[in-house]
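Student: This structure is in C-alpha cells; I'll ask about it shortly.
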Amino acid sequence: MNSLSITVHAPADLERPRPVTGGVPLAEGAAPAGVSFFLADPEERSLPLQTDVLGSWKDGSARWLLLDFQARRAGVYTLTWGEGDSPTHPQPVIADSAVNSLTTDALTLVPGDDALVCIADRLDIAFTLGDAEDRICKTAVESIQVETAGPLRSTLALKGSFNAPDGKRLFQFRLRVSVYAGLPLVRLEPFILIDAAEGTLQYFRKLKLNVRPHAPIRFAHIGGDPGWKGDAEGTIRLWQYDDQNYAAEGESGLSTGEKAPGWAEIDDGRGLMSAAVRDFWQQWPKSLTVRPDELTVGLFPIFEEGDYASMEPWYKYQYLFDGNCYRLRTGQARRWQLWIDLDGSGEELAQIANEPLLPIADPAQAIATGVWDDIAPAGSPDMAEYDPWTANLFDAYCHSIAVQRDYGEMNWGDWFGERKVNWGNHEYDTPNQILIQYARTGDPRYFYWADATARHMAEVDTVHFVNDDLARYFDENWGRDTYPSRPGMVHQHAVGHVGSFYTVEQVRQLFEEVGNGSYLCLDPFNLGHVFTQGMVRHYFLTGDPFVRETTETIGDNLARLVEDRQFRFMGTTHCGRLTGWTLLALAAVYEMNFDDRFLGAMKILADDALADQDEVCGGWLIHPMAYDHCLCKSARHTGMAGFITAVLINGLSRYYLLSGDERLPDAIARAVTFLDNDTWREDWRDWRYTSCPATGPTHQPGVVMMAHVNGVRIAGKAEHLRVLRAAWETKFERLLETPKPGPGQGKAYSSLMYGCPETIGLLAKRS
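By the working numbering, the letter at position 178 of the sequence shown is numbered 307, and the numbering carries on one by one without gaps.
Here is the structure:
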C-alpha cells in the first residue's frame, strides 16, 4: 500500500496552524523517482505539502523524504504517493533568487541596507560582536542565496565574517532565515564558526543578535516568574546567569528567578511582536535586553571579571571564561534558534521554538522500511517488559542531566563525568541511542533530547577548521606524521570538550588529583571515539544542512586517512576500536548517498582486518596488550579487550551488510566464537574485560551484545544465540532498578543502550 501514517502531537485548540517540518523513511522501491506525494489530515482532507528527497535507495526510489506542511490539530495524518498534483497553498511563499527575497502574504524578507535582513519593512536583523577590547565588530556579508525555495517554507542563507574596526577578519558567521506560507513567523538560525587565521583560542566579550524595529518600542514584556512588563523608556535586561538563576533589571528595580522561558514581546505602534530563543536557560549565559530602539538577544551576553569565578567545579564550567572575556577554541562552531512572530504572544512562540511539531512516522511502518535496523516497535507483545525498562533508563539519564546541572552554552546536549572530570562528547553515540527510541515509540520527547545531542556533537566536538597555530598545538603535543591535522577530526571525551583551555600540565595534575590514569584525552587523533550514525539519522529526520556538512567533513577525513595508507589501523592494542568505529562511521556517511568512495575505504579496512585475523583461533592476537588490559607481573597476556574485539566485529558486520562481501560471514562467526572462548564466564553469565584471566566482569556491555546479534544474524550459530540470551537475561534483571544520577551516567546510558533494541528484537524473533 502506497501510504504512511504520520502522527502529529500538538496542543489542543490551536487558533492558527503551525509549521511542521521533518523527515520520514520509505521502503526501497515504494516511491520511485518522479512520483508525487499527497497528505491528508485526520478528517481525510487534502493538505498542501512540500517535499524534498533527502536520500534515495540505489534503485532511485525515495529513502528519506523531508515534509513541510501546516497543522491545526493533533492526530494521524496520511502520506500517499502516485501520479497527480498535490493541492497548493492559497498564498504560497514566493522566492526570488534574482534579488534574494522571500515573500508571503504576511511579510516580505529582503537583504538589509544597514542590517543582514529586513522583515516586513518593520524589523531589521543585525549580528554584532564585541571583541576582547569590546570594540564593535560588524558583519561583512560575502554571499546571500535562496537555500530553499518552496511553496510552504523558504529559506534565505547568508554567509560572511565579523571584521574588527581596523578591517581585520575575525571569524565566520552564517544566518539562515526561514518564512512560512500564510504565517507571520520567521525562524532565525545565527551561527558562528571559529575560523580565525591565527591563534588556538579566540577571545571576545559579547555576541548578540539585534532586532531593530523601524519605529520606537513603546511597550515591552519579558517572560519570567517574575518577568518584566512596562513602557520601554529605559533599558530592561534579563540575564540568565546560570541554569538556576536569572535577574531582570529595569527602571523599577531588580527581580530574580530561576529558569527564564526566553521570550519577549514588544509593541512598536503597529501591534505586538514577540521573539523566543530555543533552550534559553539550558544554554546559559543568555540575556534579553529591551531599549526604545531595539530588542537584543545576548547569545554570549557581556559579563564582568569574577562573575563566574565561583562556578564549581572549575574544570566543568570555567573553561568558557577568561577574565571578562569568553574564549572558544579555533575550529568550533555554535548555532542558535530564534523565532519571531509579527502577530502573536511570546508564551505561544516559546512553545513553537522549544517543542516544534514533528511528522512522526508510524513506528511499525518506519521500522519495516529497514532504515532503523531489525528492531521491534514499542507496544509489540514481546516488548511488554522491555518498553518500561528502556523508558526507565532514559528517565534516569534525563534526571542525571538535571541533578548534575549539565547545562551551559557549550555544554547543553552533552553529559559530564567521564573519568570524573571530562565532558563525554557522546561516547557510544548518545544521539543514535535516543533516536532509535524515537523511532520505536513515536514519542517526540526522545527527538527533542536527541536533537540537542546531535547538534552538540556537530558543533562543539568536531574540528571544522585548522589554522597553523592549532595544527602546531596538536602536532607538538600529540602529532604523528601519518595523521595530518585537518577538518573532520573529532574530539573524544575531554576537559572543556576539546581541550586547549588549560595547559597539558594543568590537566595532567587534575588527572593525578582525581586518580585518573596518564592518558589525558586531549588530542583529536583518537579514532576510537568517532560516531556518525546518530548525526546522519538526525540529518534525515531534520534536513539540517550543517549536520550533513559536518558528517561529510568527518567522512572525507576518515576516507583520506584510509586511502593514504600511512596511518596504521591494525596491529596495535586498540586496533579493534580504531578499525571498528571507523568502519561504522564510514558506513553511516556512505548511507547518506551511497557514494562508493566510502564503501571502498571500508573494503581497505576489512582487507587489513581479515589479514590479521588468526586463522586458528579466529581472534586478533596483540602482544603486549594495553598497560591497563593486563596487570600481570611475570608475563603479559596476549589478545585484546573483549569490547574492542566486539567493536571490530560490529564494524566488519556493517560492512558485510552493505557490501555482501562473501569473505565476512565465516570471519565474523569465528571472531564471535573467539570472543566467547576468550572472555565469556558461564558462572558470571558475563564476559570478562580482556583476554587476561585476572580481569573482572564487564556487566554485559552493549557493543559485545551487538557483536553477538551480528554473529547470529550473519552466521546463525546456535551457541552465539545461547550466550546472548544468557547475558541479556542477566543484564535485564540487573537494570530493573533505576540507576542513580551522578558523573558518567550519560556514558552509562549510551553504553548500556547500545545494542539493546537489536538484541531484544532478535531474541523476540528467536524465542
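Glycine is no exception: its CB is placed at the ideal position from the N, C-alpha and C atoms. Values in this document were obtained by computation on a predicted structure and should not be read as measured data.
Taking 9 Å as the cut-off, decide whether the C-beta atoms of residue 541 and residue 411 are in contact.
Tutor: Yes. Within cutoff.
Student: Pair every Cβ in the region 360-373 with every Cβ in the region 411-420, then say whether three or more of these pairs are closer than 8 Å.
Tutor: Touching, yes.
Student: In this structure, how does DSSP classify residue 426 when only helix, strand and coil are distinguished?
Tutor: Residue 426: strand per DSSP, three-state reduction.
Student: Report yes if the C-beta distance between residue 784 and residue 624 is below 9 Å; otherwise report no.
Tutor: No, the pair does not count as a contact, with Cβ atoms beyond the cut-off.
Student: What are the uninterrupted segments assigned as beta strand (DSSP E) that are 3 or more residues long and contained completely in the region 355-416, given in chain order?
Tutor: Those beta strand (DSSP E) runs which fall completely within the region 355-416 and span 3+ residues are 357-360, 365-369, 375-379, 382-386, 392-396 and 401-406.
Student: Below 7 Å CB to CB, which residues in the same chain sit around residue 498 once its five sequence neighbours on both sides are set aside?
Tutor: For residue 498, where only same-chain residues beyond five positions count, the Cβ hits under 7 Å are 154, 155 and 156.
Student: Hey, could you find the ends of the beta strand (DSSP E) residue 655 is sitting in?
Tutor: Taken as a continuous stretch (DSSP letters only), residue 655 belongs to no beta strand (DSSP E), as it is neither H nor E.
Student: What separation, rounded to the nearest whole angstrom, lies between the Cα atoms of residue 421 and residue 291?
Tutor: Rounded to the nearest angstrom, the two C-alpha atoms are 26 Å apart.
Student: Is the beta carbon of residue 731 sitting closer than 9 Å to the one on residue 680?
Tutor: Against a cut-off of 9 Å, the Cβ pair of residue 680 and residue 731 comes out as no contact.
Student: Which residue marks the beginning of the alpha helix (DSSP H) containing residue 686, and which one marks its end?
Tutor: Its alpha helix (DSSP H) spans residues 674-693.
Student: Cβ of residue 899 within 9 Å of Cβ of residue 551?
Tutor: Only positions 130 to 896 of the chain appear in this structure, which leaves residue 899 out of reach.
Student: Would you kindly work out how many angstroms separate the C-alpha atoms of residue 699 and residue 294, rounded to a whole number?
Tutor: Distance between the alpha carbons of residue 699 and residue 294 is about 52 Å.
Student: On the CB-based measure, 16 or more other CB atoms within 10 Å of its CB, does residue 761 come out buried or exposed?
Tutor: So residue 761 ends up on the exposed side.
Student: Say the cut is 8 Å; is the CB of residue 473 nearer than that to a heavy atom of the ligand MN?
Tutor: As presented, the structure is devoid of all ligands, the ligand MN included, so that no description of it is given.
Student: Beta carbon of residue 285, beta carbon of residue 309: below 9 Å?
Tutor: Not in contact: residue 285 and residue 309 (Cβ atoms no closer than 9 Å).
Student: Taking the alpha carbon of residue 469 as the point to measure from, which residue in 340, 509 and 485 has its own alpha carbon closest?
Tutor: Nearest of 340, 509 and 485 to residue 469, Cα basis: 340.
Student: What is the rounded straight-line gap between the Cα of residue 360 and the Cα of residue 378?
Tutor: Residue 360 and residue 378: Cα-Cα distance of roughly 14 Å.
Student: Please list, in chain order, all residues of the same chain as residue 138 whose beta carbon is under 8 Å from its beta carbon, the five residues on each side excluded.
Tutor: Cβ within range, chain order: 203, 486, 487, 489 and 573.
Student: Write down the C-beta distance between residue 205 and residue 150 rounded to the nearest angstrom, noting that I regard them as a contact closer than 8 Å.
Tutor: Not quite, the Cβ-Cβ distance comes to about 18 Å (not below 8 Å), so this is no contact.
Student: If you reduce the DSSP assignment to three classes, tell me which class residue 144 lands in.
Tutor: It is coil, neither helix nor strand.
Student: I'd like to check one pair, residue 683 with residue 595: are the Cβ atoms closer than 9 Å?
Tutor: Going by C-beta atoms, residue 595 is not nearer than 9 Å to residue 683.
Student: Mapping DSSP to helix, strand and coil, what is residue 472?
Tutor: Coil.
Student: Three-state secondary structure (DSSP) at residue 585?
Tutor: Helix, per DSSP.
Student: Once you ignore the five residues that flank residue 792 on each side, which residues in its own chain have a CB closer than 7 Å to its CB?
Tutor: So the qualifying residues of the chain are 739.
Student: By Cβ distance, which residues of its chain are closer than 7 Å to residue 656, with the 5 residues on each side in sequence left out?
Tutor: Cβ neighbours of residue 656 beyond the five flanking positions: 707, 710 and 711.
Student: Express the C-alpha separation of residue 874 and residue 525 in angstroms, rounding to a whole number.
Tutor: Their backbone Cα atoms lie some 8 Å apart in a straight line.
Student: Starting from the C-beta of residue 548, find all residues in its chain whose C-beta is less than 6 Å away, skip the five residues before and the five after it, and write them out in chain order.
Tutor: Around residue 548: 645.
Student: Counting Cβ pairs closer than 8 Å, one from the region 475-483 and one from the region 582-589, do we hit at least three?
Tutor: Result no; under three Cβ-Cβ pairs closer than 8 Å.
Student: Do the CB positions of residue 176 and residue 216 come within less than 9 Å of each other?
Tutor: In contact: residue 176 and residue 216 (Cβ atoms closer than 9 Å).
Student: Between the region 552-564 and the region 504-522, are three or more C-beta pairs nearer than 8 Å?
Tutor: Touching, no, given that fewer than three Cβ pairs across the two stretches are closer than 8 Å.
Student: Which residue from 238, 336 and 323 puts its Cα closest to that of residue 257?
Tutor: Closest option to residue 257, Cα to Cα, is 336.
Student: Give the straight-line distance between the Cα atoms of residue 560 and residue 664, rounded to the nearest whole angstrom.
Tutor: Distance between the alpha carbons of residue 560 and residue 664: 7 Å.
Student: Determine the DSSP secondary structure at residue 137, reduced to helix, strand or coil.
Tutor: If DSSP states are grouped into helix, strand and coil, residue 137 belongs with the strands.
Student: With DSSP as the reference, label residue 346 as helix, strand or coil.
Tutor: Reduced to three states, the DSSP call for residue 346 is coil.
Student: When the Cα atoms are used, what is the spatial distance from residue 261 to residue 441?
Tutor: Answer to the nearest angstrom: the Cα atoms are 24 Å apart.
Student: Taking residue 641 as part of the alpha helix (DSSP H), name the residues at either end of that continuous run.
Tutor: That run of the alpha helix (DSSP H) goes 633-643.
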